[in-house]
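What follows is one structure encoded as structure tokens, with my remarks underneath.
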Amino acid sequence: MDYAINQAGTTTVSALLESVGAANEGLKAAWLSYPTATFVAADHFGDELAVAEGTETLRTYGAGECMCDALYKVVGELRMATECTCTFGHEGGYQLHTILGDGCTKRGKPSDIALIRDLAPVMRSQAICGEGQAMGRVALQALDLFGAEIEPHFSKRSCPTGGCA
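Throughout, this note's numbering is defined as the position within the sequence shown, counted from one, plus 26.
Here's what the structure looks like:
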């Protein structure tokens, strides 16, 4: 579920949820939109994080929602938001989105995870636009936080949550 937020500075996801009147029971993750552009696992909702000015959306994910599909949608949103024409922002974003889409539609290959892990750090360091850098950072972050849920999309061609689009 998406919540509109308008708070910059240091805060916690729990405080943001409280400010919009949402409960954090049953949630496994939250996403803060660009320019903060970060996933937060539920066990870190109480940790302080820096929310950049201009961050407008807090999106929450429940237990039945697929984090591979969530990452696919986030990368798609970042890709469409950028006006970057650099190779790493534009083409890298296209590649990430395509690979994640394949995983969500049971066409992924086990080698795709390694490809994401190779591509994302290069995007993070070489993209000219902030959105391109964010796509690389977020892809790695999601694999680190939710790898056990994302990897079966590529290794077994199945969704552990049954929540893929």
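From the three backbone atoms N, C-alpha and C, an ideal C-beta is built for every residue, glycine too.
query = Secondary structure at ARG133, three-state DSSP: helix, strand or coil?
reply = coil
query = DSSP state of ARG85, grouped into three classes?
reply = In the structure shown, ARG85 sits in a strand (DSSP, three-state: E or B).
ask   = What do you reckon, are the CB atoms on GLU74 and THR38 nearer than 8 Å?
value = yes
ask   = Once you ignore the five residues that flank LEU145 on each side, which residues in its own chain have a CB closer than 7 Å to its CB?
value = GLY118, GLN121, LEU122
Of the listed residues THR108, LYS182, LEU58, MET106, nearest to LYS132 (C-alpha basis) = LYS182
task = Tell me where the alpha helix (DSSP H) around VAL101 begins and ends.
result = 93-107
ask   = Is the CB-CB distance between ALA67 and ALA55 below 8 Å?
value = ALA55 is positioned such that its CB atom lies closer than 8 Å to that of ALA67.
query = Does the beta-carbon of GLY13 have 16 or more other beta-carbons within 10 angstroms, so that it is buried, or is it exposed?
reply = Here the chain comprises residues numbered 27 to 191, so residue 13 is not present and cannot be evaluated.
key: Touch test, the segment 94-104 against the segment 149-168, Cβ-Cβ under 8 Å, three pairs minimum   = Cβ pair count under 8 Å is three or more, so yes.
message = Only counting the same chain, and skipping five residues up and downstream in sequence, which positions put a Cβ closer than 6 Å to that of GLN152?
response = PHE114
query = Hey, ARG143 and LEU169: beta-carbon distance below 8 Å or not?
reply = yes
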